[in-house]
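In UniProt numbering, the protein residues as written are 1 to 129.
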Amino acid sequence: MSALIAEDEIVDEMDLVWLEDISRLDYVRQSLDRLPTRRGRPAYHRDGRMVGYALLGPKAKPSRSSGTFRRRVFWLLPHDRDTEPDGLYARGAPAEAVDVRTLAPGSKGHKTERSEGGPMSSAMREHQP
Numbered sequence: 001m002s003a004l005i006a007e008d009e010i011v012d013e014m015d016l017v018w019l020e021d022i023s024r025l026d027y028v029r030q031s032l033d034r035l036p037t038r039r040g041r042p043a044y045h046r047d048g049r050m051v052g053y054a055l056l057g058p059k060a061k062p063s064r065s066s067g068t069f070r071r072r073v074f075w076l077l078p079h080d081r082d083t084e085p086d087g088l089y090a091r092g093a094p095a096e097a098v099d100v101r102t103l104a105p106g107s108k109g110h111k112t113e114r115s116e117g118g119p120m121s122s123a124m125r126e127h128q129p
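Rendered as structure tokens:
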């Protein structure tokens with residue numbers, strides 16, 4: 001959950017890989033998953049679809065107990081706003097959701113008015129291509 005992701009848990013991220021065009025998404029859900037590798041596309045075991053994931057640098061250390069790496073995975077469920085714009089999340093967003101435009105390697109992202117179902121901020125409109 002985004003509120004539970006601390007900046008020090010994602011400090012070893014080198015890049016974020018997006019599996020689809022994120023420019024049309026108001027938010028993505030994010031979680032820290034235990035994965036067997038620092039890099040590469042992870043297996044996905046949730047409902048919905050994976051839209052992206054983080055790649056870790058060589059300094060990332062595996063867990064002593066499990067040998068796995070904590071990596072962020074970005075995903076959406078079938079009832080999220082991108083597929084049901086008038087549904088459950090027409091206004092508001094799930095607890096683990098963040099505005100995709102606020103994400104970067106090592107930065108956990110933030111909820112914004114846009115991710116909560118409101119308009120894009122004027123600052124964001126100015127930076128659109």
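Ideal Cβ positions, reconstructed from N, Cα and C, are used throughout, including at glycine.
Exposure label - residue i; buried when at least 16 CB within 10 Å
{"i": "Lys-108", "result": "buried"}
{"i": "Arg-46", "result": "exposed"}
{"i": "Leu-25", "result": "buried"}
{"i": "Thr-112", "result": "buried"}
{"i": "Asp-80", "result": "buried"}
{"i": "Ser-115", "result": "buried"}
{"i": "Asp-15", "result": "exposed"}
{"i": "Glu-84", "result": "exposed"}
{"i": "Asp-21", "result": "exposed"}
{"i": "Gly-40", "result": "exposed"}
Three-state secondary structure assigned by DSSP to residue i
{"i": "Asp-15", "result": "strand"}
{"i": "Arg-91", "result": "coil"}
{"i": "Ser-23", "result": "helix"}
{"i": "Glu-7", "result": "helix"}
{"i": "Ala-123", "result": "Here the model assigns Ala-123 a pLDDT of 43, short of 50, so the residue's position is not dependable and the matter cannot be decided."}
{"i": "Ser-2", "result": "Only weak support is given to the placement of Ser-2: the predicted model assigns it a pLDDT of 43, under 50, and the question is left unresolved by the model."}
{"i": "Thr-112", "result": "coil"}
Endpoints, beta strand (DSSP E) assigned at residue i
{"i": "Asp-33", "result": "28-35"}
{"i": "Arg-72", "result": "69-76"}
{"i": "Tyr-53", "result": "49-56"}
Bridge-paired residues (DSSP) for residue i
{"i": "Ala-97", "result": "Arg-29"}
{"i": "Ala-104", "result": "Ser-107"}
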